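Respectively, the protein sequence lines represent chains A and B. Positions 310 to 483 (the working numbering) are the ones given, in order, by the first sequence. Positions 53 to 337 (the working numbering) are the ones given, in order, by the second sequence. Glycine included, each C-beta is placed from N, C-alpha and C at the ideal position. These figures come from a predicted structure and were not determined experimentally.
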Amino acid sequence: MKSKTSPFILPSLILFGLLLTDGFLSIVIKSFFPDDLKMMVPRMMLMGLIFFSFHLDFKKLIMLTFLIGFVYDSYYSGILGIYMFFLVLLVNMVFHFKNFFNRNFWTIGLFQILFITVFEFMVYGIYYMIDFTSFTLIDFLAIRLGYTLLLNVMMFPTIYFPLNHLMKKTVNSK
Amino acid sequence: MNQFFSNKKLIIILVSVIFFLAIFSLSLNRSGSAPFVQRISNDVVAISGRVFSKPANAVNNLFETVDQIQDTYTENQRLKREIEQLYETQAELSVLKNENEQLREEINIQETLTDYQKITGTVISRNPDGWLEQIVINQGSQSQIKEGMAVLSGNGMIGRITEVSPTSSKVQLLSTLDQRNNQVSAEVISAEGKVVHGVVNAYDQPTNRLIMEQITTEVKIEIGEQVITSGLGGKTPRGLVVGTVKEISLDSFGLSQKVFIEPASDYNDIRYVTIVNRNIESGEE
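Structure (structure tokens):
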């Protein structure tokens, strides 16, 4: 019984924690770098999700993504559907691409960079469509994407090593 | 036809796209409070979010203290000078208040647009993606918070309440480009004592300035004058500071003036907020 439930509950708790971490990191980052021309967006939860799509099976993964996407939308923006849809889409993509690669620090790291970029573009696209941003594509690339990637690449090891350790442990105990 | 319906994958994709589009448009055009499920989930997240916001605030406060110690001396000198002026203003203010009350009693007015009550709150988290500038605070409908109330931080107005849950609520900052919620009816009291009305309805991100439009060209506005809320918009009281005038120009048709405002409070560094509840009812609902 335990081995059946734990691979779902543990990741969802971790992702929930990462979601809250995103929220408080953004307060800290905004107050440390108040420059409006350098937007850094912490994407801890997204990195966690991409990591877990290497380790969980498909059904659980999609369910988890759907739930966490709902919480993210509802808690942070109040516009349902944006993160829910794009996260599910993204995790789908990662899940199908992952079989072509080995699982190690560097490949997962490259996946993170690639898919954070894809995700940022998707979210920018939707907010541009509904007229909630005045950013042009150039603004978006210069002000937002570069700094966001920089921040998240720096934070990636802090996510990867603990999670990797944990995943190894749960697999071994099974 | 038959083949189409037997393709299970395609059906799933179609149904889920329709589902997502439906909830997306429904929540985008929502008026009034959020659905029950959403309110509950927001509250659950907010309660656990409080645990996280404590260390964040502690770290911020620590760095701020170090920062403040560095220029304590000059600040102290400046504050001493300001305090001397403040005593005079305070005395004048109390006389005026007293006089105002007496006059009000004589003409039988109980409440005006300037009367309001304050509720204080702490910021729990902030929307990580900067497209929709929203913060979550730790006060909700249990402390009489309603949608549309104005929110202050530091020296001036920073935004409005857009969503209320039992113990938490969302504040949308004035720096968001959202035409649904982000219009503040404001006024400038010019040097000659004339009141000029307008609407603050846009934000220019690169220069960090609010834009006030629909201002008559007949009155001249000077740079450096203060912009305050006029209380004519519905739920905001009169007299909350929005910012100071930085630049004046004509709008694209040349028919009205357009004023660029430097915000009175910093939208990037918000930790404690004051929610303003106007006493007088707007009679909207």
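Is the beta carbon of residue i sitting closer than 9 Å to the one on residue j?
i: B:V311; j: B:V247; result: no
i: A:I435; j: B:S79; result: no
i: A:S340; j: A:P351; result: no
i: B:G206; j: B:L226; result: no
i: B:L292; j: B:M209; result: yes
i: A:L370; j: B:P258; result: no
i: B:T219; j: B:A98; result: yes
i: A:F360; j: A:L472; result: yes
i: B:V294; j: B:I280; result: yes
i: B:V252; j: B:A238; result: yes
i: B:S58; j: B:S105; result: no
i: B:E215; j: B:A110; result: no
i: B:T269; j: B:S308; result: yes
i: B:P289; j: B:R330; result: yes
i: B:I213; j: B:I332; result: no
i: B:N112; j: A:V337; result: yes
i: B:V297; j: B:I313; result: yes
i: B:L229; j: A:T416; result: no
i: A:S321; j: B:Q90; result: no
i: B:Q266; j: B:G245; result: no
Under DSSP, the alpha helix (DSSP H) around residue i begins and ends at which residues?
i: A:P316; result: K311 to F341
i: A:L396; result: I391 to F406
i: B:R102; result: F88 to Q122
i: A:Q421; result: F414 to M438
i: A:I377; result: F367 to Y381
Can you pull the chain B residues whose beta carbon is under 7 Å from the beta carbon of residue i, in chain order?
i: A:D331; result: P180
i: A:T467; result: Correct list: empty, because the minimum Cβ distance to chain B is about 15 Å.
Give the secondary structure of residue i by DSSP, where H, G and I count as helix, E and B as strand, and everything else as coil.
i: B:K60; result: helix
i: B:M201; result: coil
i: B:Y168; result: strand
i: B:E337; result: Annotation note: pLDDT 43 at B:E337 (below 50); position unreliable, coordinate value reported separately. Coil, per DSSP.
i: A:M349; result: coil
i: B:A143; result: helix
i: A:G455; result: helix
i: B:L225; result: strand
i: B:L262; result: strand
i: B:R82; result: coil
i: B:S176; result: The residue asked about is misnamed: residue 176 of chain B is Ile in this sequence, not Ser. Here B:I176 sits in strand by DSSP.
i: B:I65; result: helix
i: A:G357; result: helix
i: B:E186; result: Per the sequence shown, the amino acid found at residue 186 of chain B is Gln instead of Glu. B:Q186 falls in the strand class under three-state DSSP.
i: A:I447; result: helix
Going along the chain, which residues of its own chain have a beta-carbon closer than 6 Å to the beta-carbon of residue i, five neighbours each way excluded?
i: B:V186; result: The amino acid occupying residue 186 of chain B in the given sequence is Gln; Val does not appear at that position. If we look at B:Q186 and ignore the five residues flanking it on each side, its Cβ neighbours are N179, K222 and Q224.
i: B:N128; result: none
i: B:E337; result: With a pLDDT of only 43 at B:E337, under the threshold of 50, the placement of this residue in the model should not be trusted, and no figure is reported.
i: B:G101; result: I176 and S177
i: A:M310; result: Since pLDDT at A:M310 reaches only 37, below the 50 mark, its modelled position is unreliable, and no value is offered.
Listing by chain order, which chain B residues have their CB less than 8 Å from the CB of residue i?
i: A:P343; result: D318, N320 and D321
i: A:L346; result: P258
i: A:V350; result: P180, D181 and G182
Using a cut-off of 8 Å between C-beta atoms, extract the partners of residue i located in chain A.
i: B:F72; result: G390, M393 and F394
i: B:F76; result: I388, L389, G390, I391 and F394
i: B:S100; result: F325 and L329
i: B:S93; result: F379, V380, S383 and Y384
i: B:N112; result: I336, V337 and S340
i: B:L229; result: D440, F441, T442 and S443
So, at 8 Å on beta carbons, what are the nonlocal neighbours of residue i in its own chain, with the 5 sequence-adjacent residues on each side left out?
i: A:F465; result: M356, G418 and Q421
i: A:F404; result: S362, F367 and L370
i: A:Y437; result: F444
i: A:N401; result: I371
So, for residue i: in the same chain, excluding its five sequence neighbours on each side, which residues have a beta-carbon less than 7 Å away from its beta-carbon?
i: A:V397; result: I371, T374, F375 and G378
i: A:M476; result: H364
i: A:F428; result: L355, F395 and L399
i: A:F333; result: none
i: B:L148; result: none
For the beta strand (DSSP E) containing residue i, name the first residue and the last one.
i: B:N253; result: V247 to D256
i: B:N329; result: Y324 to R330
i: B:S301; result: V293 to L302
i: B:P289; result: Segment: none, B:P289 is in no beta strand (DSSP E) and carries neither H nor E.
i: B:Q309; result: Q309 to P315
i: B:S237; result: V236 to I241
i: B:G276; result: From DSSP, B:G276 is part of no beta strand (DSSP E); its letter is neither H nor E.
i: B:T214; result: G208 to V216
Show which residues of chain A have a CB atom less than 7 Å away from the CB atom of residue i.
i: B:L222; result: Note on identity: in this sequence residue 222 of chain B is Lys, with Leu being the wrong assignment. Chain A residues near B:K222: G387.
i: B:E215; result: G387
By the criterion of Cβ-Cβ separation under 9 Å, what are the contact partners of residue i in chain A?
i: B:A86; result: S383 and G387
i: B:L80; result: I388, L389, G390 and I439
Mind checking if residue i is an interface residue toward chain E, Cβ cutoff 9 Å exclusive?
i: B:Q235; result: The question asks about chain E, but that chain is absent: this structure's protein chains are A and B.
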